[in-house]
Amino acid sequence: MYEYNDKELGKIIVKPNTRAKRIIARRKGGYIQLTVPFGFTPKRLPVVLDDMR
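Using my numbering, you'd call the opening residue of the sequence shown number 16 and step up by one each time.
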């Protein structure tokens, strides 16, 4: 699990899950939680966030 801060979206918490087959985004309280497949690299996060906007 790691955290990422975005200027527009705010705090984003990334949780790897071995059972996840795709990226799942949820809004929880004051942050966004991304559940990602195991093996997801933090380098891909900016690309994923741009696709989600």
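Backbone N, C-alpha and C define an ideal beta-carbon position, used for all residues, glycine too.
Predicted model only: the values in this text are computed from it and were never measured.
**Request:** Could you tell me how far apart the beta carbons of I38 and V63 are, in whole angstroms, since I believe they sit closer than 8 Å?
**Result:** If you number the sequence shown from 1, residue 38 lands on position 23. If you number the sequence shown from 1, residue 63 lands on position 48. That pair is a contact at about 6 Å.
**Asked** G45: which of V29, Y19, E18, G25 sits nearest, CA to CA?
**Response** Here residue 45 refers to the residue found at position 30 of the sequence shown. Considering only alpha carbons, the answer is G25.
*asked:* On the DSSP letters alone, give me the boundaries of the alpha helix (DSSP H) that P61 sits inside.
replied: Translated into positions along the sequence shown, residue 61 becomes position 46. Residues 60-67.
Using a Cβ-Cβ cutoff of less than 6 Å, which residues in the same chain neighbour N32 once the five nearest sequence positions on both sides are dropped?
Residue mapping note: residue 32 aligns to position 17 of the sequence shown, counting from 1. For N32, where only same-chain residues beyond five positions count, the Cβ hits under 6 Å are T50.
Since I believe M67 is in contact with A40 (beta carbons under 8 Å), could you give me their beta-carbon distance rounded to a whole number of angstroms? What you label residue 40 is simply residue 25 of the sequence shown in a count that begins at 1. What you label residue 67 is simply residue 52 of the sequence shown in a count that begins at 1. Contact holds; Cβ gap of about 6 Å.
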